[in-house]
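Residue numbers (UniProt numbering): 1 to 73. The structure appears below as structure tokens.
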Amino acid sequence: MAKDDLVSIDGKVSDMSGGGVYFITLDNGVDIRARLCGKMKKFRIKVVVGDRVTVGLSPYDPTHGLITHRFKA
1 MAKDDLVSID
11 GKVSDMSGGG
21 VYFITLDNGV
31 DIRARLCGKM
41 KKFRIKVVVG
51 DRVTVGLSPY
61 DPTHGLITHR
71 FKA
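Encoded structure:
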């Protein structure tokens with residue numbers, strides 16, 4: 001699925017797990033799992049617990065997503 005097809009939703013990182021998996025609490029209260037997108041890995045953008053992020057969700061599987069942007073604090 002292309003990145004243009006994803007639904008973008010803002011949320012907050014609530015927990016980190018091994019293997020680059022982040023647990024995100026979305027603004028609507030739903031908890032999901034997410035990973036970093038390729039550009040964030042390439043440029044070594046760090047995401048820690050408490051950061052506000054934008055998550056791209058697939059319309060077919062809304063239980064996990066792709067972190068596409070980290071907001072500056």
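Here a beta-carbon is modelled for each residue, glycine too, at the ideal position from N, C-alpha and C.
Whole-angstrom distance between residue j and residue i, CA atom to CA atom
{"i": "Lys12", "j": "Lys39", "result": "20 Å"}
{"i": "Phe43", "j": "Leu36", "result": "11 Å"}
{"i": "Pro59", "j": "Met16", "result": "24 Å"}
{"i": "His69", "j": "Gly50", "result": "14 Å"}
{"i": "Tyr22", "j": "Gly29", "result": "16 Å"}
CB-CB length for residue i against residue j, believed under 8 Å
{"i": "Ile9", "j": "Val55", "result": "6 Å"}
Opposing strand residues paired with residue i [DSSP bridges]
{"i": "Phe23", "result": "Asp15, Arg33"}
{"i": "Gly65", "result": "Ala34, Leu57"}
{"i": "Lys7", "result": "Here the sequence assigns Val to residue 7, which means Lys is not the residue at that position. BP columns for Val7 point to Leu57."}
{"i": "Arg52", "result": "Lys12"}
Residue nearest to residue i in terms of C-alpha spacing, selected from the options
{"i": "Val7", "options": "Val30, Arg70, Leu57", "result": "Leu57"}
{"i": "Ala34", "options": "Asp5, Phe71, Asp4, Gly19", "result": "Gly19"}
{"i": "Asp27", "options": "Met16, Asp15, Thr63, Arg52", "result": "Arg52"}
{"i": "Ile67", "options": "Ile24, Gly50, Ala73, Asp31", "result": "Ile24"}
{"i": "Asp31", "options": "Lys46, Phe71, His69, Gly65", "result": "Gly65"}
{"i": "Phe71", "options": "Lys46, Pro62, Thr63", "result": "Lys46"}
Heavy atom of the ligand MG within 7 Å of residue i beta-carbon
{"i": "Asp27", "result": "This structure does not include the ligand MG; it has no bound ligands of any sort."}
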